[in-house]
Structures are given as C-alpha cells and as structure tokens.
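Below is one structure, written out as structure tokens; the observations come after it.
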Amino acid sequence: MELFLIHESIGQTTKYNLKNVPDGEYILEVENDQKIRIQTMSLHDGILQSKAISTIYKPNIKVNNQFLDMNLMTQGKSAEVMIKNEEGKVMITEKIENEVSVTRRFNIKKLDHGNYYLEVHMAGQTFINDFEK
Numbered sequence: 000m001e002l003f004l005i006h007e008s009i010g011q012t013t014k015y016n017l018k019n020v021p022d023g024e025y026i027l028e029v030e031n032d033q034k035i036r037i038q039t040m041s042l043h044d045g046i047l048q049s050k051a052i053s054t055i056y057k058p059n060i061k062v063n064n065q066f067l068d069m070n071l072m073t074q075g076k077s078a079e080v081m082i083k084n085e086e087g088k089v090m091i092t093e094k095i096e097n098e099v100s101v102t103r104r105f106n107i108k109k110l111d112h113g114n115y116y117l118e119v120h121m122a123g124q125t126f127i128n129d130f131e132k
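Just so you know, numbering that gives the first Met the number 0 puts 66 at position 67 of the sequence shown, and the rest follows in order with no gaps.
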C-alpha cells in the first residue's frame, strides 16, 4: 500500500510506503505558506479510506508605519487576533466570531518603533507573523 502526496506549489509527488503502518485512525497535515490541509484517514486490512478534509487558511498581512492590514479566511470559525510587542505584551486584541472572510485594518500609529508580532489563534492552530514598525 502506498500513499502519494502531491506538492502543489512545485508540482512534485512524494510516495510513502504504508505496508508496515499498523491499522488505525490517522491525521495527515499538509502545510504551505497560505494554508494547512487536514485529512483524517483510517487504515484497516490494507485499505486506506479518506474520511474528511478541512482547510485552515493562514492570515495574510501588510504593514506600513500607520496600519497593519490583515486578511483571514475564518470560514465561520472563532478567532482571536493579538498584536504583541517584543516582550509579549498585548498591545491590540480582537475576538472574531461568525465571519467567513475577515478584513481588518489595525491602527498602529501610536505604537513605538520596534519589533512586533501578529498572533492569530484559530481552529486549534496559532499563526505568528513578525513585523517592524
């Protein structure tokens, strides 16, 4: 039994031999710069069955001296967004509920110059984007 993993961004395929993998339930996570695909599978008596596939999209940000623009596909999932300084102190926070596609512009004019990071918690994942003001 073999599992083929297709690398979308580079057009390559990786082959995995599952002959020695014990029967059971498995989760396959495939990640790139924009998203994480999570697929649940079961392997029983040499038969691999796909059960469910979900996709979690990563935040996309753009920063200038005055604003941080964030786009995030939440697909109705709850999310918490925080902008933190180098020491981890929360400077800006927002909870997002019941939205499918989120576009936010955070005013960072009053933040001192320095290093910050945007931290997004969603669907059991944490995404961190560093930025400098």
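Glycine included, every Cβ here is placed at the ideal spot set by N, Cα and C. Here the structure is a predicted model, which means the values were calculated and not measured.
| query | result |
| --- | --- |
| Contiguous beta strand (DSSP E) assignments of at least 3 residues, all confined to the segment 71-122 | 78-84, 89-95, 100-106, 114-121 |
| Lys94 classed as buried or exposed, judged by whether at least 16 other C-beta atoms fall within 10 angstroms | exposed |
| Beta carbon of Gln74 nearer than 7 Å to that of Val101 | no |
| Identity of the residue in Ala122, Asn19, Asn16 nearest Lys76 by Cα | Ala122 |
| Reference Gln124, options Asp22, Ile107, Ser53, Val20, closest by Cα | Ser53 |
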